[in-house]
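So the structure is just underneath, and the comments pick up after that.
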């Protein structure tokens, strides 16, 4: 067994070697692997969470590749989307079944940016004839917007009813990472508390909706497409999924944009943190470009 010092040197050298190439790497030791190997352990009842940087075309392609790899294993794949509000699931169902045109669907849900062209392939991936579905996961923006500005105490009873049952804030390490990330953007300590409460609503609502879906579809795999911060180090959405589904099989992917990064900067992005651990179970590293739409 390597001594502690030797192990650290080995890890750093290994990371440097890997940072000079693109591909899929194991999150714990940064060893290269294949997509097929990465999804090999996924079985019915599993949840696969894919973190993304919004609007990057390569990330869109990689997400669909992960979904296709799961389908190639003979699994029924449903897709949960951060970008649809759970209160609008009926509209999403009408769109997927052809009862509502895409233009009318996007108008009714007040789609903003980036362009829906970036998410169309993921949203349409599930095969309805197999019983798969596209699942709206997120909390209403009006709810999180109010909490970020006024705090949880300002919610009316009607608004509180939109929160997940037994709603809980994210764990302490996740909160530390969130507040560190926000940094100078926080005008006060109180603002940080409000913003983190809103962030926690996003995570816990998505976990709640994922749990509800898996209760009635245990024979399927649910792939969740969500912003990378919710996935990194497992403290956000994965943590809340485990809280709501004890013993859940959750596999996480981080999509890392390597464009414009030096080897040292990329190493810092992908190496396990001494505080938070591995960034995810698997890292998909590639230079990415926006769709420009």
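In mature numbering (1 follows the signal peptide of the UniProt record, and there is no 0), the protein residues as written are -19 to -1, 1 to 274.
Even glycine gets a Cβ: it sits at the ideal position worked out from N, Cα and C.
What you are looking at is a predicted structure, and each value in this text was computed from that prediction instead of being measured.
query: Identify which residue in 6, 22 and 154 has its Cα closest to the Cα of residue 15.; result: 6
query: Please report the residue range of the beta strand (DSSP E) in which residue 21 lies.; result: From DSSP, residue 21 is part of no beta strand (DSSP E); its letter is neither H nor E.
query: Does DSSP put residue 10 in a helix, in a strand, or in coil?; result: coil
query: Under the three-state reduction of DSSP, which class applies to residue 34: helix, strand or coil?; result: coil
query: Would you call the stretch 229 to 236 in contact with the stretch 247 to 263, where contact means no fewer than 3 C-beta pairs closer than 8 Å?; result: yes
query: Any idea what DSSP makes of residue 67, helix, strand or coil?; result: helix
query: Considering just the uninterrupted stretch of the alpha helix (DSSP H) at residue 139, what are its terminal residues?; result: 138 to 141
query: Roughly how many angstroms separate the alpha carbons of residue 78 and residue 60, rounded to a whole number?; result: 15 Å
query: Counting Cβ pairs, one atom from each stretch, are 3 or more of them under 8 Å apart for the stretch 237 to 257 and the stretch 96 to 105?; result: no
query: Only counting the same chain, and skipping five residues up and downstream in sequence, which positions put a Cβ closer than 6 Å to that of residue 148?; result: 185
query: Identify whether residue 123 lies in helix, strand or coil by the three-state DSSP scheme.; result: helix
query: Which class does residue 258 belong to by DSSP, given the choice of helix, strand or coil?; result: strand
query: If you check the beta carbons only, do residue 269 and residue 29 fall under 7 Å apart?; result: no
query: Within this structure, are the beta carbons of residue 117 and residue 65 separated by less than 7 Å?; result: yes
query: Excluding the 5 residues flanking residue 176 on each side, which residues of the same chain have their C-beta closer than 6 Å to its C-beta?; result: 129
query: Roughly how many angstroms lie between the CA atoms of residue 106 and residue 187, to the nearest whole one?; result: 19 Å
query: Do residue 247 and residue 239 come within 7 Å of each other at the CB atom, strictly closer than that value?; result: yes
query: Bridge partners for residue 236 per DSSP, in chain order?; result: 265
query: How about residue 3 and residue 212: do their beta carbons lie closer than 7 Å?; result: no
query: Per DSSP, what are the beta-bridge partners of residue 59 in this structure?; result: 203
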